[in-house]
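Worksheet for the structure shown next.
Residue numbers (the numbering used here): 11 to 174.
Structure (structure tokens):
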């Protein structure tokens with residue numbers, strides 16, 4: 011895992027769908043089982059939506075609206091990053107992710123090691139000097155540097171923060 015940095019991220023609009031799962035920091039972690047099929051479905055939707063090949067994808071995660079949120083239940087919205095919303099959403103939803111300050115790290119490696127990078131990022135985030143976590147979406151950004159088949163793929167893991 012690379013060094014944690016802090017930067018302003020722009021607002022983004024996503025087209026996709028959401029699912030509830032237990033996050034990587036929970037002993038009930040089930041993200042791969044629950045989210046894998048959703049990612050698989052979304053990977054096939056770009057062409058149906060008329061989006062250019064290799065349109066960036068992103069996930070936006072926050073605590074679930076459930077009493078199980080105390081046990082690590084999260085809601086993740088998985089979608090394509092778009093400039094304009096297609097007329098026919100093919101049954102998908104729209105999520106606007108506001109701009110804000112985020113601490114982030116780049117995961118370099120295969121999908122097999124992503125969970126370890128997420129855990130490492132959130133373990134180190136609590137000791138990040140000059141920032142505190144704030145409420146908001148936690149992001150995973152899969153841009154043009156991401157290739158699911160590559161052992162050296164790059165994606166960004168980000169958490170909303172406030173500068174002290």
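Ideal placement from N, C-alpha and C gives every residue a C-beta, glycine not left out.
- Scanning 156, 21 and 49 for the CA closest to the CA of residue 118 turns up 156.
- Here residue 77 carries a helix assignment [DSSP, helix/strand/coil].
- Apart from sequence neighbours up to five positions away, the residues of its chain that approach residue 82 with a beta-carbon distance below 7 Å are 32, 33, 35, 36 and 38, ordered along the chain.
- Residue burial annotation: residue 158 is exposed, with fewer than 16 other C-beta atoms found within 10 angstroms of its C-beta.
- In the DSSP assignment, residue 147 falls outside any beta strand (DSSP E) and carries neither an H nor an E.
- Taking 8 Å as the cut-off, the Cβ atoms of residue 167 and residue 150 count as close.
- The segment 88-96 makes contact with the segment 21-29; the number of CB pairs closer than 8 Å reaches 3 or more.
- Setting aside the 5 residues that flank it on each side, residue 52 is surrounded in the same chain by 26 and 88, each with a C-beta closer than 6 Å to its C-beta; the list follows chain order.
- If you check the CB distance, residue 107 and residue 70 come in under 8 Å.
- Between the alpha carbons of residue 92 and residue 113 lies a distance of about 23 Å.
- With fewer than 16 other Cβ atoms inside 10 Å of its own Cβ, residue 95 counts as exposed.
- Around residue 99, the same chain offers 25 and 59 as residues with beta carbons nearer than 8 Å, after the five sequence neighbours per side are excluded.
- For residue 84 against residue 30, the beta-carbon gap comes to about 7 Å, under 8 Å, which counts as contact.
- Per DSSP, residue 57 lies in no beta strand (DSSP E); the unbroken alpha helix (DSSP H) holding it starts and ends at 55-58.
- Residue pairing from DSSP places residue 87 in a beta bridge opposite 28 and 70.
- Residue nearest to residue 127 within the set 116, 21 and 136 is 116 (criterion: CA-CA distance).
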